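Colleague: Pasting in a structure now, in structure tokens, and then I'll have a few things to ask.
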Amino acid sequence: MTVIPPGQPAPEFSLATEQGERLSDADLEGQTTVLVFYPFAFSPVCTDQLSVYQEVLDELESRGAKVYGVSCDSTWAQKAFREKLGVTIPQLSDFEPKGKACEAFGVLHPGGFAQRALVIIGPDRVVRYSYQAPSPAELPGANLIFDGLEAVPS
Amino acid sequence: MTDLRSSAPPPLDDSDHVRGPTEAPLLLLYGDFACPSCALADRRLRRLPLRYAFRHFALRSKRPRALALACASEAAARQGAFWPMHDALFDDQGHQDDPHLWRRAQALGLDLERFEADRRAEVTAARVARDVTSGLRAGVALTPTLFVGGERHAGPPTPELLEALAAGIARAGRGEEPARADSM
Chain A
1 MTVIPPGQPA PEFSLATEQG ERLSDADLEG QTTVLVFYPF AFSPVCTDQL
51 SVYQEVLDEL ESRGAKVYGV SCDSTWAQKA FREKLGVTIP QLSDFEPKGK
101 ACEAFGVLHP GGFAQRALVI IGPDRVVRYS YQAPSPAELP GANLIFDGLE
151 AVPS
Chain B
155 MTDLRSSAPP PLDDSDHVRG PTEAPLLLLY GDFACPSCAL ADRRLRRLPL
205 RYAFRHFALR SKRPRALALA CASEAAARQG AFWPMHDALF DDQGHQDDPH
255 LWRRAQALGL DLERFEADRR AEVTAARVAR DVTSGLRAGV ALTPTLFVGG
305 ERHAGPPTPE LLEALAAGIA RAGRGEEPAR ADSM
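As given, the protein sequences belong to chains A and B, one line each in that order. Last residue of the first sequence: number 154 in this note's numbering, and the count goes up by one each step with no gaps. Last residue of the second sequence: number 338 in this note's numbering, and the count goes up by one each step with no gaps.
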């Protein structure tokens, strides 16, 4: 299983927000969306990754990009993780039904967690950039998000 | 808007912090004085006769004292004491508060009033931010991240990397390494 390639429409999916609502593919219409798939809340590597993206969040938002963290952890674990890090990046949970959205994006690890991956979806809901780290221990730098945003038609 | 697309680390210039023999292999480290893994990396690297360059990768959300410590080292640099402060910060990470910084500044013989003004100056924050931006563009996502011969190594130096560095130092000592500019 590999991450969804650029050029394909975003798959149908539904993820739980911290507010107890659902965010689905239809909600992405009209906004540039950056989905940051990560394996586990509280794992040291994920910790560094979200801290780095938080550092450039203003820059991403000024380019009209909305960033979300996605994992198969429960909403409660994600919220505690986000608060512990002191980051504001909203988290989306793929806990129930477990891994369904990750599977739709081609990033579900056989172990039942998300591969470390980035997916950028344009306002037309077409995937414009995707990247899957060669191993879960390898962190995609924030530079890759800015490279990927170049592929989103303005 | 800042350009944050991918770009290799910029070559060293006069405002970079560099020490070690000019003929030795160059190692560039992006680090954070509040990061325990950076202190470990420093411990492993300090005894090697490398040409060693340090750039800041102090993130606002990562460790509460990261930025303050980076700015303190830059304030020390303005009095010619970057490396003594660098070593003093990594050698005692248990003491990171302002009074501990004042004590270090005094021990290093710095003008304390000037140190205080400099570490809070906008130009100091901008100097730190410049390093962070170049690190972000070079794909740095955790500390420490090392660049050796154009290759990126995330995390403290492994035994394999230390071995390769030692071999490079030996070759340079025998004059087998070609002369090179301070580029990544």
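For glycine and all other residues, C-beta sits at the position ideal for the given N, C-alpha and C. For clarity, every value in this text was computed on a predicted model and none was experimentally measured.
Do residue 89/A and residue 157/A come within 8 Å of each other at the CB atom, strictly closer than that value?
Modeller: Outside the displayed span of chain A (1 to 154) sits residue 157/A, for which this structure offers no information.
Colleague: Report the CB separation of residue 117/A from residue 107/A in whole angstroms; it is logged as a contact under 8 Å.
Modeller: Mapped onto the first sequence, residue 117/A falls at position 117. Mapped onto the first sequence, residue 107/A falls at position 107. Residue 117/A to residue 107/A, Cβ: 5 Å. Contact.
Colleague: Quick check on residue 278/B - is its C-beta less than 8 Å from some C-beta in chain A?
Modeller: Here residue 278/B refers to the residue found at position 124 when the second sequence is read from its first residue. No, residue 278/B does not count as interfacial toward chain A.
Colleague: Is there at least one Cβ from chain B nearer than 8 Å to residue 6/A's Cβ?
Modeller: Numbered from its first residue, the first sequence carries residue 6/A at position 6. Taking Cβ atoms only, chain B never reaches closer than 8 Å to residue 6/A, which makes this a no.
Colleague: So if DSSP puts residue 273/B in a beta bridge, which residue, or which two residues, is it bridged to?
Modeller: As a first step, residue 273/B must be located in the second sequence, where it is residue number 119. In the DSSP output, where bridge partners are listed per residue, residue 273/B has none listed.
Colleague: Is the beta carbon of residue 273/B less than 8 Å from the beta carbon of residue 226/B?
Modeller: For the purposes of this step, residue 273/B is taken as residue 119 along the second sequence, with counting starting at 1. For the purposes of this step, residue 226/B is taken as residue 72 along the second sequence, with counting starting at 1. Contact flag set, yes.
Colleague: Would residue 87/A pass as a contact of residue 120/A if the rule is Cβ separation under 8 Å?
Modeller: The sequence position of residue 87/A within the first sequence is 87, counting from 1. The sequence position of residue 120/A within the first sequence is 120, counting from 1. Not a contact, by the Cβ cut-off of 8 Å.
Colleague: What residues from chain B crowd round residue 141/A, counting only those whose CB sits closer than 7 Å?
Modeller: To locate residue 141/A, count along the first sequence from 1; it is residue 141. Going along chain B in sequence order, the residues near residue 141/A (Cβ under 7 Å) are 290, 293, 294, 295.
Colleague: Between the C-alpha atoms of residue 175/B and residue 133/A, what's the straight-line distance to the nearest angstrom?
Modeller: Locating residue 175/B in the second sequence gives position 21, counting from the first residue. Locating residue 133/A in the first sequence gives position 133, counting from the first residue. Using only the alpha carbons, I get a separation of about 37 Å.
Colleague: How far does the beta strand (DSSP E) with residue 301/B in it reach, from first residue to last?
Modeller: Mapped onto the second sequence, residue 301/B falls at position 147. 299–302 is the span of the beta strand (DSSP E), which, as asked, contains residue 301/B.
Colleague: For residue 139/A, which residues in the same chain have their Cβ closer than 8 Å to its Cβ, ignoring the five residues on either side in sequence?
Modeller: For the purposes of this step, residue 139/A is taken as residue 139 along the first sequence, with counting starting at 1. Cβ within range, chain order: 45, 48, 49, 52, 116, 133.
Colleague: Could you give the first and the last residue of the continuous alpha helix (DSSP H) run that contains residue 53/A?
Modeller: Taking the first residue of the first sequence as position 1, residue 53/A is located at position 53. Per DSSP, residue 53/A belongs to the alpha helix (DSSP H) from 44–55.
Colleague: I need the boundaries of the alpha helix (DSSP H) containing residue 149/A, first residue and last residue.
Modeller: On the first sequence, position 149 is the one that residue 149/A refers to. It spans 142–149 - the alpha helix (DSSP H) in which residue 149/A sits, taken as one unbroken run.
Colleague: What runs of the beta strand (DSSP E), each 3 residues or longer, lie entirely inside the segment 172–200 of chain B?
Modeller: 180–185
Colleague: Less than 8 Å separating the beta-carbons of residue 224/B and residue 213/B?
Modeller: Counting from 1 along the second sequence, the entry for residue 224/B is found at position 70. Counting from 1 along the second sequence, the entry for residue 213/B is found at position 59. Going by C-beta atoms, residue 224/B is not nearer than 8 Å to residue 213/B.
Colleague: From residue 21/A to residue 76/A, what distance separates their C-alpha atoms?
Modeller: Position 21 of the first sequence, counted from the start, is the residue given in the question as residue 21/A. Position 76 of the first sequence, counted from the start, is the residue given in the question as residue 76/A. Using only the alpha carbons, I get a separation of about 13 Å.
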